[in-house]
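Undergrad: Shown below is the structure under consideration.
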Amino acid sequence: MSNLSLLSMPDEILLVIFSHLLDPYPLYPLSTLCRRLHHIALPLYLSRTGVYTEPCPESETCHTSESSISIAGDKTYTLAALQIALFLRDVPLQNLSCTFSDSQSQVIDFARFRRLCSMLGRIQTAHFQLQVQTYAYSGGQQATYYDDVVHVLNAVLEKSCVDLTVDVAHDLTLGPARLSRRGRGGDPTRKTHEFQTLAVPALSSSAFRLKTLKTFRMHSEILFSPHCRAWTIDVLNSFPIVSLSIDAPSVPTDALDALLLVTEIPTLRDLALLRCRVKPSGLHLFLSRHPGITRLHLGHIFVPSLQERLPPDHLPQLRDLTAPAPQISYLLQAMDQTTSLRTVRVLSHMTRLDLSFIDASLQPVVSRLESVYITLVLPVPPQLPRFGTDLELLSSDDCLLAFVKTLEFVFAPENVTFTKLSDYLCLTAWCELFPNLKCVELSGFDSTYSTQLALEALHKRVQKLHPFATG
Numbered sequence: 001m002s003n004l005s006l007l008s009m010p011d012e013i014l015l016v017i018f019s020h021l022l023d024p025y026p027l028y029p030l031s032t033l034c035r036r037l038h039h040i041a042l043p044l045y046l047s048r049t050g051v052y053t054e055p056c057p058e059s060e061t062c063h064t065s066e067s068s069i070s071i072a073g074d075k076t077y078t079l080a081a082l083q084i085a086l087f088l089r090d091v092p093l094q095n096l097s098c099t100f101s102d103s104q105s106q107v108i109d110f111a112r113f114r115r116l117c118s119m120l121g122r123i124q125t126a127h128f129q130l131q132v133q134t135y136a137y138s139g140g141q142q143a144t145y146y147d148d149v150v151h152v153l154n155a156v157l158e159k160s161c162v163d164l165t166v167d168v169a170h171d172l173t174l175g176p177a178r179l180s181r182r183g184r185g186g187d188p189t190r191k192t193h194e195f196q197t198l199a200v201p202a203l204s205s206s207a208f209r210l211k212t213l214k215t216f217r218m219h220s221e222i223l224f225s226p227h228c229r230a231w232t233i234d235v236l237n238s239f240p241i242v243s244l245s246i247d248a249p250s251v252p253t254d255a256l257d258a259l260l261l262v263t264e265i266p267t268l269r270d271l272a273l274l275r276c277r278v279k280p281s282g283l284h285l286f287l288s289r290h291p292g293i294t295r296l297h298l299g300h301i302f303v304p305s306l307q308e309r310l311p312p313d314h315l316p317q318l319r320d321l322t323a324p325a326p327q328i329s330y331l332l333q334a335m336d337q338t339t340s341l342r343t344v345r346v347l348s349h350m351t352r353l354d355l356s357f358i359d360a361s362l363q364p365v366v367s368r369l370e371s372v373y374i375t376l377v378l379p380v381p382p383q384l385p386r387f388g389t390d391l392e393l394l395s396s397d398d399c400l401l402a403f404v405k406t407l408e409f410v411f412a413p414e415n416v417t418f419t420k421l422s423d424y425l426c427l428t429a430w431c432e433l434f435p436n437l438k439c440v441e442l443s444g445f446d447s448t449y450s451t452q453l454a455l456e457a458l459h460k461r462v463q464k465l466h467p468f469a470t471g
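Residues 1 to 471 (full-length UniProt numbering) make up the sequence shown, in order.
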């Protein structure tokens, strides 16, 4: 079929022809022939490759009238088409996510992504997965890599981004052995001397003027590296951030404490410190500068002694607390006043030892938990512990189990799929340990069949539960 015959066809016929193409890739070269074919072929190409989702305001199953772009690590080649997509010019995006995991094409991917951002109208939510070590920037070019990362983040913030997540990606081009062998020399938090004499990238003036970011998830150690630290501090201290999440298990204690020491966010209300090496004194100072926090999530962090007490007015507005039992016990003992506290989520594991440990840890603060709604969060292991209600913990009236109102079972994506009713009957045996249980939440399900089995099992074994929440 010649180019002339294509151009002479109505749009409706072209769409019918294109819809019968089993392979979407011929649509990309067709989109470069002229502007008319570009607006017909390129949206089809990008939607068929799975990176572009068109708005569907008239659909009952779609709740957004804005487009979304999601670029997986093995589909960064589509950035070549996205950067020239005329139909995306000044288009607002609901979600923009990209995984930069191909180290062989990372340099050009960053450049194409910035051109894409410059063309878009607005970006509501952005999610990035970035490599901690990259080998496309070899031969002393590691600082250039951090420059490009900051330029990418600036490009997103310049589009009025409200929700930003920076996560970790793994290199798809390297095997596990090669990655671990070469990765030992590329930790940005260790080789600080490489960047001491280099100019560090800064927050762009356009992003600084907009100041739209409200949710910031710092789940990559790149943001704590000496080369990106200044940019990170500028963002934290300049934007009206309401929700902040930090997950950085490999960042050294001194690096994290140094960042928290110079950070002050007057608008902060929701703080999550997941896997962090933070000193108690550094955490105390940070909390003392943020009395407006209403939600606090503490993961696996060091528990100090009660000699390092928090002043009673540290968190006067704290309403929701999520943490393992030792952290909860410490905070409730350290803070004399917790009148605003309404809900506590206890993070634990599905073992006898963990339940006993929770009860022992929280015994000193049982009296303060009587008026608080307690949720016990249990990740479901691949092999369920199979035991019944033979725990001796129920013999005590002030046992923690008597105060638990909600039991949340969390299924990890890599967990096994339960296909038999007996699997869920074993799961619901745990519910019988909690005499005042009111609600069971099932998190992580992606199968309606599994959810129905779980609900059937819960109804069979536990008659007192109400209501059931799944999600």
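Glycine included, each C-beta is placed from N, C-alpha and C at the ideal position.
Work out the CA separation of L88 and V278 for me, nearest whole Å.
TA: Against the sequence shown, residue 278 aligns to sequence position 278. Against the sequence shown, residue 88 aligns to sequence position 88. V278 and L88: Cα-Cα distance of roughly 43 Å.
Undergrad: Beta-carbon within less than 7 Å of A155's beta-carbon, same chain only, minus the 5 sequence neighbours each way: which residues are those?
TA: Here residue 155 is taken as the residue at index 155 of the sequence shown, counted from 1. Counting only Cβ-Cβ distances below 7 Å, and skipping sequence neighbours, we find R114, C117 and S118.
Undergrad: Drop a sphere of 10 angstroms on the beta-carbon of S371, count the other beta-carbons inside from all chains shown, and report buried for 16 or more, exposed for fewer.
TA: In the sequence shown, counting from the first residue as 1, residue 371 sits at position 371. Exposed, because fewer than 16 other Cβ atoms sit within 10 Å of the Cβ of S371.
Undergrad: Between I293, T253 and V440, which has its C-alpha nearest A272's C-alpha?
TA: By one-based count along the sequence shown, residue 272 stands at place 272. A272 has its Cα closest to that of I293, out of I293, T253 and V440.
Undergrad: Return the Cβ separation of Y146 and S225 in integer angstroms, given the expectation that the two are a contact with Cβ distance under 8 Å.
TA: In the sequence shown, counting from the first residue as 1, residue 146 sits at position 146. In the sequence shown, counting from the first residue as 1, residue 225 sits at position 225. About 6 Å; that satisfies the 8 Å criterion.
Undergrad: So the beta strand (DSSP E) Q333 belongs to, where does it begin and stop?
TA: Taking the sequence shown and counting its residues from 1, the one referred to as residue 333 is at position 333. Q333 -> not in any beta strand (DSSP E); alpha helix (DSSP H) instead, spanning A325 to A334.
Undergrad: Kindly indicate the opening and closing residues of the alpha helix (DSSP H) around Y146.
TA: Position 146 of the sequence shown holds residue 146. Note, Y146: alpha helix (DSSP H), Q142 to L157.
Undergrad: Using the three-state DSSP reduction, which class does I13 fall into: helix, strand or coil?
TA: Sequence index remark: in the sequence shown, residue 13 carries index 13 (1-based). The answer is helix: DSSP assigns I13 an H, G or I state.
Undergrad: Can you look up V132 in the DSSP assignment and give me helix, strand or coil?
TA: Taking the first residue of the sequence shown as position 1, residue 132 is located at position 132. Looking at V132 - three-state DSSP - the assignment turns out to be coil, as it is neither helix nor strand.
Undergrad: Using CA coordinates, which residue listed in D74, I13, A80 and C399 is at the minimum distance from L42?
TA: Looking up residue 42 in the sequence shown gives position 42. Out of D74, I13, A80 and C399, A80 has the C-alpha closest to the C-alpha of L42.
Undergrad: Helix, strand or coil, according to DSSP, for D28 in the structure here?
TA: Working through the sequence shown from its first residue, we reach residue 28 at position 28. Before going on, a small fix: residue 28 reads as Tyr here, not Asp. Three-state DSSP puts Y28 in a helix.
Undergrad: Report the start-end ranges of each alpha helix (DSSP H) in the region 235 to 301 that is 4 residues or longer and not cut off at the edges.
TA: Counting whole runs of 4 or more residues, the region 235 to 301 contains the alpha helix (DSSP H) stretches 253 to 261 and 280 to 288.
Undergrad: Quick one: what's got a C-beta closer than 7 Å to A402's C-beta in the same chain, skipping five residues either side?
TA: Numbered from its first residue, the sequence shown carries residue 402 at position 402. Only P435 and N436 meet the Cβ criterion.
Undergrad: For V380 versus F411, is the C-beta spacing smaller than 9 Å?
TA: Working through the sequence shown from its first residue, we reach residue 380 at position 380. Working through the sequence shown from its first residue, we reach residue 411 at position 411. Yes. Within cutoff.
Undergrad: What separation, rounded to the nearest whole angstrom, lies between the Cα atoms of H297 and V149?
TA: In the sequence shown, counting from the first residue as 1, residue 297 sits at position 297. In the sequence shown, counting from the first residue as 1, residue 149 sits at position 149. Distance between the alpha carbons of H297 and V149 is about 28 Å.
Undergrad: Rounded to the nearest angstrom, how far is the Cβ of L164 from that of A202, given a contact under 8 Å?
TA: The residue labelled residue 164 in the question sits at position 164 within the sequence shown. The residue labelled residue 202 in the question sits at position 202 within the sequence shown. Contact flag wrong, Cβ pair sits at about 17 Å.
Undergrad: Candidates K438, L321 and S206: which alpha carbon is nearest M335's?
TA: Translated into positions along the sequence shown, residue 335 becomes position 335. Answer by Cα proximity: L321.
Undergrad: Pick helix, strand or coil for Q337, following the three-state DSSP scheme.
TA: As a first step, residue 337 is located in the sequence shown; it is residue number 337 there, counting from the start. Looking at Q337 - three-state DSSP - the assignment turns out to be coil, as it is neither helix nor strand.
Undergrad: Just to confirm the assignment, what range does the beta strand (DSSP E) spanning V404 have?
TA: Your numbering for residue 404 matches position 404 in the sequence shown. Segment V404 to V410, the beta strand (DSSP E) holding V404.
Undergrad: Could you name the residues that DSSP lists as bridge partners for L96?
TA: Position 96 of the sequence shown holds residue 96. Answer is I69 and A126, bridged to L96.
Undergrad: Looking at I69: is its Cβ nearer than 9 Å to the Cβ of S97?
TA: Along the sequence shown, read from residue 1 onward, the residue named residue 69 stands at position 69. Along the sequence shown, read from residue 1 onward, the residue named residue 97 stands at position 97. Result yes, Cβ atoms of I69 and S97 sit closer than 9 Å.
Undergrad: Looking at the unbroken alpha helix (DSSP H) that takes in F110, where does it start and where does it end?
TA: Indexing the sequence shown from 1 puts residue 110 at position 110. F110 -> alpha helix (DSSP H) spans Q106 to M119.
Undergrad: DSSP has P311 in a bridge; who is on the other side?
TA: Indexing the sequence shown from 1 puts residue 311 at position 311. None; P311 has no bridge partner.
Undergrad: Which residues bound the alpha helix (DSSP H) around L42?
TA: As a working mapping, residue 42 is identified with position 42 in the sequence shown. R35 to R48 is the extent of the alpha helix (DSSP H) around L42.
Undergrad: How many Å lie between L93 and H20 at the Cα?
TA: Residue numbering aside, residue 93 sits at position 93 when the sequence shown is read from its first letter. Residue numbering aside, residue 20 sits at position 20 when the sequence shown is read from its first letter. One C-alpha to the other measures close to 28 Å.
Undergrad: First and last residue of the alpha helix (DSSP H) that includes L318?
TA: Sequence index remark: in the sequence shown, residue 318 carries index 318 (1-based). It is not in any alpha helix (DSSP H) - L318 carries neither H nor E in the DSSP assignment.
Undergrad: Mark P10 as exposed unless 16 or more other C-beta atoms lie within 10 angstroms of its C-beta, in which case mark it buried.
TA: For the purposes of this step, residue 10 is identified with residue 10 of the sequence shown, where counting begins at 1. So P10 ends up on the exposed side.
Undergrad: Measuring CB to CB, does G50 end up less than 9 Å from A169?
TA: Taking the sequence shown and counting its residues from 1, the one referred to as residue 50 is at position 50. Taking the sequence shown and counting its residues from 1, the one referred to as residue 169 is at position 169. Taking 9 Å as the Cβ cut-off, G50 and A169 do not qualify as a contacting pair.
Undergrad: Please name the residue in G299, S281 and P326 whose C-alpha comes closest to that of E308.
TA: One-based indexing of the sequence shown puts residue 308 at position 308. Of the listed residues, the one whose Cα sits closest to E308 is S281.
Undergrad: Per DSSP, E221 forms a beta bridge with which residues?
TA: For the purposes of this step, residue 221 is taken as residue 221 along the sequence shown, with counting starting at 1. DSSP output for E221 lists no bridge partner at all.
Undergrad: Rounded to whole angstroms, what's the CA-CA distance from L274 to V152? Just pull it up for me.
TA: By one-based count along the sequence shown, residue 274 stands at place 274. By one-based count along the sequence shown, residue 152 stands at place 152. One C-alpha to the other measures close to 25 Å.
Undergrad: Assess contact between the region 339 to 351 and the region 282 to 292, defined as three or more Cβ pairs (one per stretch) separated by less than 8 Å. Is contact present?
TA: Not touching, per the Cβ criterion.
Undergrad: Comparing alpha-carbon positions, which option in V346, S367 and Q363 lies nearest F409?
TA: To locate residue 409, count along the sequence shown from 1; it is residue 409. For the residues V346, S367 and Q363, the minimum Cα distance to F409 belongs to V346.
Undergrad: Since Q129 contacts S160 with CB under 8 Å, what's their CB separation in whole angstroms?
TA: Along the sequence shown, one-based indexing puts residue 129 at 129. Along the sequence shown, one-based indexing puts residue 160 at 160. Not really, about 22 Å apart at Cβ, beyond 8 Å.
Undergrad: Would a C-beta distance cut-off of 9 Å place L310 and F286 closer than the cut-off?
TA: Walking along the sequence shown from the start, residue 310 turns up at place 310. Walking along the sequence shown from the start, residue 286 turns up at place 286. In this structure, F286 does not lie closer than 9 Å to L310 by Cβ.
Undergrad: Just reading off the alpha helix (DSSP H) that D359 is part of, what are its end residues?
TA: Mapped onto the sequence shown, residue 359 falls at position 359. First-last of the alpha helix (DSSP H) with D359: R352 to L362.
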